[in-house]
Amino acid sequence: MSKPINSYSIPELRQTLDESLPVVFAKLNYKQSFGLIDGKLSIGYLIAVVAAASFFLDKKFAYKEVVGYQTLLVGAYTILSIAFWYYTKYVEKGIKYIGIKKDGNRLYVKTDFEDGRPEYQVELKNGKGVELKIALPVNEVFNEAGYLQNNLFYQWVEKQVKNLETKKTQ
Numbered sequence: 050m051s052k053p054i055n056s057y058s059i060p061e062l063r064q065t066l067d068e069s070l071p072v073v074f075a076k077l078n079y080k081q082s083f084g085l086i087d088g089k090l091s092i093g094y095l096i097a098v099v100a101a102a103s104f105f106l107d108k109k110f111a112y113k114e115v116v117g118y119q120t121l122l123v124g125a126y127t128i129l130s131i132a133f134w135y136y137t138k139y140v141e142k143g144i145k146y147i148g149i150k151k152d153g154n155r156l157y158v159k160t161d162f163e164d165g166r167p168e169y170q171v172e173l174k175n176g177k178g179v180e181l182k183i184a185l186p187v188n189e190v191f192n193e194a195g196y197l198q199n200n201l202f203y204q205w206v207e208k209q210v211k212n213l214e215t216k217k218t219q
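Every number in this note's numbering is 49 more than the matching position in the sequence shown, counting from 1.
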């Protein structure tokens, strides 16, 4: 069993539920795709390399010798930072999980909490663009002691995925 959390803390609820998504979807025969995470990491690593190069030039050479290179590195850092922001805001768009079934069907999962409300907002979207937006009251999957009831969460997610599948055939 997992460790108990403060069930009145939205950040703890979000983190616990988001972290359990890969396990739940693995039981539903989805394999997690890390494409978005890999893209974000790549941009982040490039930013770190540019910053390290700038630091190296600053420590090893006189200012007047490297001012042109530093200008280029600051420009590259700015462009990469803007690319990182754009990627996070418009490409990733709050997607917490991407799953792929053996038949090639994709499932995108976005999650959020509305301010001050203990309802886990879940948006499921398949590869064909069919969406399902639902809210899960957290007291349905957490007990009074703050433990996540994994089997109840799994059953709820399974039901919603089935609803999404039937919605696409209509």
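Beta carbons are placed, not taken as given, at the ideal position from N, Cα and C, and that holds for glycine. Source: prediction; values computed, not measured.
Where Asp164 is concerned, there is no enclosing beta strand (DSSP E), because DSSP gives it neither an H nor an E. Residue burial is scored here from C-beta neighbours: Phe74 has at least 16 other C-beta atoms within 10 angstroms and is therefore classed as buried. Contact annotation: the region 121-133 touches the region 85-104, with at least three C-beta pairs closer than 8 Å. Rounded to the nearest angstrom, the Cβ distance from Asn212 to Leu185 is 13 Å, too far for a contact under 8 Å. Listed in chain order, the non-local C-beta contacts of Leu197 below 7 Å within the same chain comprise Ser51, Thr65, Ser69, Val190 and Phe191, local neighbours out to five positions each way being set aside.
Counting C-beta atoms within 10 angstroms of its own C-beta, Leu173 has 16 or more neighbours from the protein chains shown and is therefore classed as buried.
Between the alpha carbons of Leu121 and Ser103 lies a gap of roughly 10 Å. In this structure, DSSP gives Gly148 an extended state, which the three-state scheme calls strand.
Apart from sequence neighbours up to five positions away, the residues of its chain that approach Asn78 with a beta-carbon distance below 8 Å are Lys150 and Lys151, ordered along the chain. Straight across, the Cα-Cα distance linking Pro71 with Ala111 is about 50 Å.
When the alpha-carbon of Asp161 is set against those of Arg155, Gln170 and Lys142, the nearest one is in Gln170. Closest in C-alpha terms to Val179, from the list Phe202, Gln209, Asn188 and Gly84, comes Gln209.
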